[in-house]
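For the sequence shown, position 287 matches number 287 in our numbering, and the numbering has no gaps at all.
Virtual Cβ for every residue (Gly too), placed ideally from N, Cα, C.
Please read these numbers as outputs of a predicted model, since none were measured by experiment.
One structure is given here, and the rest of the page talks about it.
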Amino acid sequence: MIRSVSILGSTGSIGRQSLAAAERLGVRVTALAARRDIRLLEEQIRRFRPGYAAVYDKDAAARLRLAVRDLPVEIGEGLEGLRRAAVYDCEAVVTAVSGSVGLQPTLDAIAAKKRICLANKETLVCAGSIVMAAARQAGAEIVPVDSEHAAVFQCLEGRRDQLHKILLTGSGGPFRGWTRAETASVTPEQAVRHPNWHMGAKISVDSATMMNKGLELIEAMHLFGLMPDDIQVVIHPQSVIHSMVELVDGTVLAQMAVPDMGLPIQYAMTWPERAASPYERLDFWKMGELTFQAPDLEKTPCLALAMDCARRGGVAPAVMSAANEEAVALFLAGRIGYNDIYDRVAEAVARVPGVADPTLDDILAADGEARRLMTER
Ligand code: MG
1 MIRSVSILGS TGSIGRQSLA AAERLGVRVT ALAARRDIRL LEEQIRRFRP
51 GYAAVYDKDA AARLRLAVRD LPVEIGEGLE GLRRAAVYDC EAVVTAVSGS
101 VGLQPTLDAI AAKKRICLAN KETLVCAGSI VMAAARQAGA EIVPVDSEHA
151 AVFQCLEGRR DQLHKILLTG SGGPFRGWTR AETASVTPEQ AVRHPNWHMG
201 AKISVDSATM MNKGLELIEA MHLFGLMPDD IQVVIHPQSV IHSMVELVDG
251 TVLAQMAVPD MGLPIQYAMT WPERAASPYE RLDFWKMGEL TFQAPDLEKT
301 PCLALAMDCA RRGGVAPAVM SAANEEAVAL FLAGRIGYND IYDRVAEAVA
351 RVPGVADPTL DDILAADGEA RRLMTER
């Protein structure tokens with residue numbers, strides 16, 4: 001179990017639950033970082049007393065510096081601040097920022113041999129080969145917080161060499177089975193209301209389009225060293241099984257628990273040990289049916305696109321992920337429709353040229369180009 005932690009994205013849903021877990025487990029919080037919500041960040045600083053806090057937005061950082069001038073906390077800003085927070089006086093870092101902005105701070109923390117409690121899936125989607133190679137080289141632990149990957153991670157403990165394939169489960173989101181004509185008028189309010197999980201806005205929209213499952217498939221490839229076709233997406237609307245592994249002899253192991261992100265967050269901090277938790281327990285007498293089905297790729301084109309980008313490799317996943325971030329932001333701002341998310345992302349993937357075996361610079365350039373395409377029209 002870790003004794004100290006830095007939390008990147010501390011004002012978001014995962015960040016707030018990470019602070020709660022740290023408090024419960026007696027883990028010291030050394031640094032916090034947020035995009036711009038300085039009201040909540042100030043509350044967190046006063047409660048947890050970190051030595052360092054970073055705000056991505058520079059004007060907000062200046063306001064926070066004034067607000068907490070009575071405390072011995074240093075306030076950083078921008079990407080530099082985020083990078084410093086990632087390595088600040090800690091054993092582990094929770095990477096809970098949203099989007100590819102998490103990439104460089106994660107690489108910094110890996111180089112400094114911190115445990116990565118990985119909640120930022122875009123980091124592995126963009127640059128999985130580079131990040132995993134860096135972690136192997138530095139001997140840094142990566143413990144996934146994403147519930148599906150946490151499930152696979154737990155099923156594989158002590159038996160990594162017996163893995164045959166991963167069964168990546170997903171609820172199918174709030175619009176499971178809807179046709180393109182039916183999703184045309186979906187509003188941001190409808191899209192962020194997930195039936196089983198309480199999550200931030202970006203990931204809730206990704207869950208609705210099933211881009212989230214596509215991003216998770218790419219994340220799983222890198223984390224567990226598999227090819228895209230060794231990962232089978234299984235729709236499981238009840239979200240009781242969080243994912244499964246099939247071993248070489250055909251045995252399938254599943255990890256189950258109530259759908260609450262607090263659990264994988266806590267496990268990433270206590271691993272390889274476990275601690276008591278305050279969460280609800282599964283009651284198999286009351287559970288009813290658990291059901292499974294194949295995804296309908298016609299009705300979830302974002303998932304189909306992600307599977308295609310996973311097979312293509314190179315910068316394709318980074319372009320897709322960056323374009324998706326921009327498209328989801330436009331949708332949440334009411335500037336494009338729900339079906340435009342797929343259309344815009346597919347267009348960006350088609351237009352940004354591929355690069356085989358990309359360097360970090362190639363990936364960042366492709367990410368930037370995808371974003372430029374999305375915002376210039
Ligand atoms: Mg997940």
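- Restricting attention to E77, E74, K286 and K213, the CA atom closest to the CA of K121 is found in K213.
- Of A127, A33, T30 and D59, the smallest CA-CA separation from A365 is found for A127.
- Not one heavy atom of the ligand MG lies closer than 8 angstroms to the C-beta of S98.
- In the structure shown, K213 adopts helical secondary structure according to DSSP, grouped into three states.
- Remark: the C-beta of E122 is outside contact range of the ligand MG, defined as less than 8 angstroms to any heavy atom.
- Sequence-distant partners of C90 (beyond 5 residues in either direction) whose C-beta falls short of 6 angstroms from its own C-beta, in its chain, are S4, V5, S6 and T30.
- G173 sits away from H149, with the two beta carbons spaced by 9 angstroms or more.
- Under DSSP, no beta-bridge partner is assigned to P353.
- One thing to note: V125 has its Cβ no nearer than 9 angstroms to the Cβ of L223.
- The beta carbon of S18 sits closer than 6 angstroms to those of I7, V94 and I265, all from its chain and outside the five residues before and after it, given in chain order.
- Any heavy atom of the ligand MG within less than 7 angstroms of a residue's beta carbon puts that residue on the list, which reads D146, S147, E148, N212 and E216.
- The continuous beta strand (DSSP E) containing P144 extends over residues I142 to P144.
- Residue environment for R35: buried (at least 16 other C-beta atoms within 10 angstroms of its C-beta).
- Here S185 is exposed. Its C-beta has fewer than 16 other C-beta atoms within 10 Å.
- The beta carbon of L290 sits closer than 8 angstroms to those of H236, Q238, V240 and I241, all from its chain and outside the five residues before and after it, given in chain order.
- Spanning the alpha carbons of Y338 and P188 requires a straight line of approximately 8 angstroms.
- Beyond the five residues adjoining it in sequence on each side, E77 comes within less than 6 angstroms, by CB distance, of V55, K58 and A61 in the same chain, given in chain order.
- Just so you know, the alpha carbons of M221 and K299 end up roughly 24 angstroms apart.
- As a beta-bridge residue in DSSP terms, M256 pairs with I241.
- Look at K121 here: in three-state DSSP terms it is helix.
- By the neighbour-count criterion, in which 16 or more other beta carbons inside 10 Å mark a residue as buried, G288 falls on the exposed side.
- Taking a contact to require three or more Cβ pairs closer than 8 angstroms, the stretch 190–207 and the stretch 135–145 do not qualify as touching.
- Measuring C-alpha to C-alpha distances from S207 to each of V252, I75 and R176 identifies R176 as the nearest.
- Take the alpha-carbon of A323 and the one of W285: they are about 44 angstroms apart.
- The C-beta of L66 has fewer than 16 other C-beta atoms within 10 Å across all chains shown, which makes the residue exposed.
- Rounded to the nearest whole angstrom, the C-alpha separation of S147 and D229 is 21 angstroms.
- At least 9 angstroms separates the beta-carbon of V234 from that of T183.
- Taking C-beta atoms as the reference points, G99 and H164 fail to come closer than 9 angstroms.
- When DSSP states are grouped into helix, strand and coil, K58 belongs to the helix group.
- Collapsing the DSSP output to three states places L163 in a strand.
- In this structure, A318 lies near D367, with their beta-carbon atoms less than 9 angstroms apart.
- Cα atoms of R371 and E280: separation of roughly 41 angstroms, rounded to the nearest angstrom.
- Scanning its chain for C-beta atoms nearer than 6 angstroms, with the 5 sequence neighbours on each side dropped, one finds around A257 the residues L263, in chain order.
- Beta-bridge pairing by DSSP links G170 to I235.
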